[in-house]
Each structure stands twice: as structure tokens, then as C-alpha cells.
Amino acid sequence: MELKKIVISPDNKKAIAFFDELDRKKAEMFKKIDEMAAKKFPALKKK
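Residues in the sequence shown are numbered from 30 upward in steps of one, following the working numbering.
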């Protein structure tokens, strides 16, 4: 599998907004996973 680099010109607001949204969703997803893990395994809770 090869990684493709995506180049976005700074004036392409739609693409930038899309990737910002993607990043935000990813962060929310990981936060939810962390919360679920913390409930199931209290020992893993971050200090």
C-alpha cells in the first residue's frame, strides 16, 4: 500500500474545511473510544 500525498492550495477553502472536519471527527472518535475503555478498564484511566 502506498501513501498518496494530497496537496491542497491554501485558497481551496472547501478542501481545507473538509479536512478540518475530518480531523475533528477523528479526534471525537478517539475521545469516545478512550471514554469507553476507561469505563471497561478503570486501570487504564489517564492520570
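Beta carbons are placed, not taken as given, at the ideal position from N, Cα and C, and that holds for glycine. Since this is a predicted model, take the numbers as computed values, not measurements.
Helix or strand or just coil, what does DSSP make of residue i?
i, result
"Asp-40", "coil"
"Leu-51", "helix"
"Glu-57", "helix"
"Lys-69", "helix"
"Ile-62", "helix"
"Ile-45", "helix"
For residue i, I'd like the list of residues in its chain whose CB is within less than 8 Å of its CB, leaving aside the five on either flank, ordered along the chain.
i, result
"Phe-47", "none"
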